[in-house]
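Protein chains: 2
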Amino acid sequence: MTLTVLLADDHAMLRSGLRAIFDTQPDLRCVAEVADGRAAVTEVARLRPDVAVLDIRMPKLDGLGATEMILANPANRTKVLLLTTYDTDEYVYRALNAGASGFLLKSLPPEELISAVRVAARGDALIDPSVTQRLIARFAVSLAPPPTPPELELLTAREREVLHLIAAAYSNAEIAAELHVGDETVKTHVSRVLSKLGLRDRVHAVAYAHMNGLVQTRPPGLR
Amino acid sequence: MTLTVLLADDHAMLRSGLRAIFDTQPDLRCVAEVADGRAAVTEVARLRPDVAVLDIRMPKLDGLGATEMILANPANRTKVLLLTTYDTDEYVYRALNAGASGFLLKSLPPEELISAVRVAARGDALIDPSVTQRLIARFAVSLAPPPTPPELELLTAREREVLHLIAAAYSNAEIAAELHVGDETVKTHVSRVLSKLGLRDRVHAVAYAHMNGLVQTRPPGLR
DNA sequence: TCGGGCGTCCCCCGCGCGGGGGACGCGGTT
DNA sequence: AACCGCGTCCCCCGCGCGGGGGACGCCCGA
Chain P
1 MTLTVLLADD HAMLRSGLRA IFDTQPDLRC VAEVADGRAA VTEVARLRPD VAVLDIRMPK
61 LDGLGATEMI LANPANRTKV LLLTTYDTDE YVYRALNAGA SGFLLKSLPP EELISAVRVA
121 ARGDALIDPS VTQRLIARFA VSLAPPPTPP ELELLTARER EVLHLIAAAY SNAEIAAELH
181 VGDETVKTHV SRVLSKLGLR DRVHAVAYAH MNGLVQTRPP GLR
Chain B
1 MTLTVLLADD HAMLRSGLRA IFDTQPDLRC VAEVADGRAA VTEVARLRPD VAVLDIRMPK
61 LDGLGATEMI LANPANRTKV LLLTTYDTDE YVYRALNAGA SGFLLKSLPP EELISAVRVA
121 ARGDALIDPS VTQRLIARFA VSLAPPPTPP ELELLTARER EVLHLIAAAY SNAEIAAELH
181 VGDETVKTHV SRVLSKLGLR DRVHAVAYAH MNGLVQTRPP GLR
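Structure below.
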């Protein structure tokens, strides 16, 4: 089965270079060449190629915007590969966010570009190695559990329990009801928590708890 | 300049297969073969190869644990490539977290494995395409800006500003000082914020702000 | 056996906070 | 010209909260 490809780049020279690369492969067919992002979006919608190879820098609408528009339309099954000269961070994140299947540098050897197209077409994704290492570093920190501050160890189990409820904006009375104890007891716990953590009031406690990851505000598994 | 490689896998057959692959390259030298993770750690520390290729499943200490031990030691400059038969999610995350330079499936063509070693040696990273696409999806959600609740649109710019300060646990007086206005004014703003957002008190406001991503509790740029 | 940490309950006091009003000047649209 | 949203400032009142005390029973370890 042959794969159809759309090329988008404002430099005719680069387009013809890419086309020449693809033409060496009998199973790849370059069905369209366009020079700007807007044309890329309309042609993708019309021709439904398997893969669109977009330059980031293009007139009218850049590759990122085009990617977003293409992938925002669920009728499109086209995979998007982004091509760029320099690997600037925010490009990568925005591209991945938009759902691009690949982010490649123009320095990539031709044969690897070809394999990238095949990889993208079968639904896998692929990022230029030099970008990957930064992506990993970035991803790792997002996975890293927030460092538990040492002063938290000072709290007893009960006090930590109370702190969690404080973080969820429970009032003293609500905490008392939740824990089935008197509200005077809760006051004692709250006082101890505040003094042990060096916090002024429960408002600070709420902020403290959230900033130290005691509350899962992120999708589960992540954070 | 020649790159030195350490191989770790409990199957002798696979080791010799890998060795055969590397031997086809004049600039790659396989300096050690070990059969378990513990041996991998000690041999890496002794021989300081440029790259260590570790199987995930190994006796005594698995590839992930070995990776963590190797990379935890700053004296090691060895890059780690992980090899596995199946791409289970948690493996990937733990591997990346430990700082592995690559995560590859054993189904990878030999020549790509060789290029992976070179990529890793020069400090870049590389993830198997089939894994990358899931990684991207996961990363994208971590990048995705938390959905801004519509009721936040009700707030005026000033009120949003006040809400941010509330979220940072500022008292009314502190907000007044920060904004160079009277504290009576702040009280008005706070009241409006609470009523517009349907919140009981500032404690709820703090929790609300944090849960809706109004506060960057994550490393800048991410979140 | 005697502490001491922990969890529980109780007292009083001061105050920051939130709700309820009202008021005024400014800049925009109508 | 009239209007209204916005930001600013002011009043009073009630209450939840935090600080500072004390007290009692439990269990565990010295």
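These protein sequence lines are chains P and B, in that order.
Going letter by letter, the first sequence gives residues 1 to 223 in UniProt numbering.
Going letter by letter, the second sequence gives residues 1 to 223 in UniProt numbering.
All residues carry an ideal CB built from backbone N, CA and C; glycine is no exception.
In this structure, the CA atom of G65 of chain B is about 8 Å from the CA atom of G37 of chain B. With distances taken between CA atoms, K106 of chain B lies nearest to B:T85 out of B:H164, B:H189, B:T85 and B:V31.
With respect to L7 of chain P, A121 of chain P sits apart: the two C-beta atoms are not nearer than 7 Å.
Judged by DSSP in its simplified three-state form, I56 of chain B adopts coil rather than helix or strand. Comparing alpha-carbon positions, the option among B:A100, B:V203 and B:H11 lying closest to A169 of chain B turns out to be B:V203. Listed in chain order, the positions of the region 201 to 212 of chain P with a beta carbon within less than 7 Å of a beta carbon of chain B are R202, V203, H204, V206, A207, H210 and M211. Just measuring C-alpha positions, the residue of P:S101, P:V131 and P:L108 sitting nearest Q133 of chain B is P:S101.
Neighbours of S130 of chain B in chain P, taken as residues whose beta carbon is under 7 Å from its own, are D124 in chain order.
Secondary structure note for R192 of chain P: its alpha helix (DSSP H) is the uninterrupted segment D183 to L197.
At least 7 Å separates the beta-carbon of H180 of chain P from that of V162 of chain P.
Within the same chain, Cβ atoms closer than 7 Å to the Cβ of Y91 of chain P are found at I56, L64 and T84, the five residues on either side in sequence being excluded. Within chain P, no C-beta atom comes nearer than 8 Å to that of V41 of chain B; the closest sits roughly 21 Å away.
Contacts between Q25 of chain B and chain P, judged by CB atoms closer than 8 Å, are missing: the closest CB pair is about 17 Å apart.
For A8 of chain P, the uninterrupted beta strand (DSSP E) run begins and ends at L3 to A8, by DSSP. The shortest CA-to-CA distance from D27 of chain B to any of B:A72, B:I114 and B:E184 is the one to B:I114.
Contact note: A168 of chain P reaches chain B through A207, using a C-beta cutoff of 8 Å and chain order. Taking C-beta atoms as the reference points, V215 of chain B and A167 of chain B count as a pair closer than 7 Å. Contact between H210 of chain P and H164 of chain B is ruled out by a C-beta separation of about 14 Å, above the 8 Å threshold. At least 7 Å separates the beta-carbon of V193 of chain P from that of I175 of chain P.
Within chain P, P129 have C-beta atoms less than 7 Å from the C-beta of V119 of chain B, given in sequence order. An exposed status is given to A72 of chain B, since fewer than 16 other beta-carbon atoms sit within 10 Å of its beta-carbon. For L71 of chain B, the enclosing alpha helix (DSSP H) has its first and last residue at G63 to A72. Between E153 of chain P and L197 of chain P a beta carbon distance of about 11 Å is seen, past the 8 Å cut, so the two are scored as non-contacting. In this structure, the CA atom of V41 of chain P is about 6 Å from the CA atom of I70 of chain P. A buried status is given to R94 of chain P, since no fewer than 16 other beta-carbon atoms sit within 10 Å of its beta-carbon. Residues of the same chain with a CB within less than 8 Å of the CB of D124 of chain B, apart from the 5 flanking positions on each side, are S101 in chain order. Residue environment: M58 of chain P is assigned as buried (16 or more neighbouring CB atoms within 10 Å of its CB, all protein chains considered).
If you ignore the 5 residues before and after E43 of chain B, its C-beta comes within less than 7 Å of the C-beta of L6, A32 and V34, all in its own chain and listed in chain order. DSSP links A32 of chain B through a beta bridge to B:L6. Proximity to P109 of chain B across B:K60, B:P129 and B:A98 peaks at B:P129, based on C-alpha coordinates. Secondary structure note for T148 of chain P: it is in no beta strand (DSSP E), with a DSSP letter that is neither H nor E. Between V117 of chain B and L126 of chain B, the C-beta gap is not smaller than 7 Å, which leaves the two residues out of contact. Residue state for G213 of chain P is assigned as coil, using DSSP reduced to three classes. E184 of chain B counts as exposed, since fewer than 16 other beta carbons sit within 10 angstroms of its beta carbon. Around the beta-carbon of R46 of chain B, fewer than 16 other beta-carbon atoms lie within 10 Å, marking it exposed.
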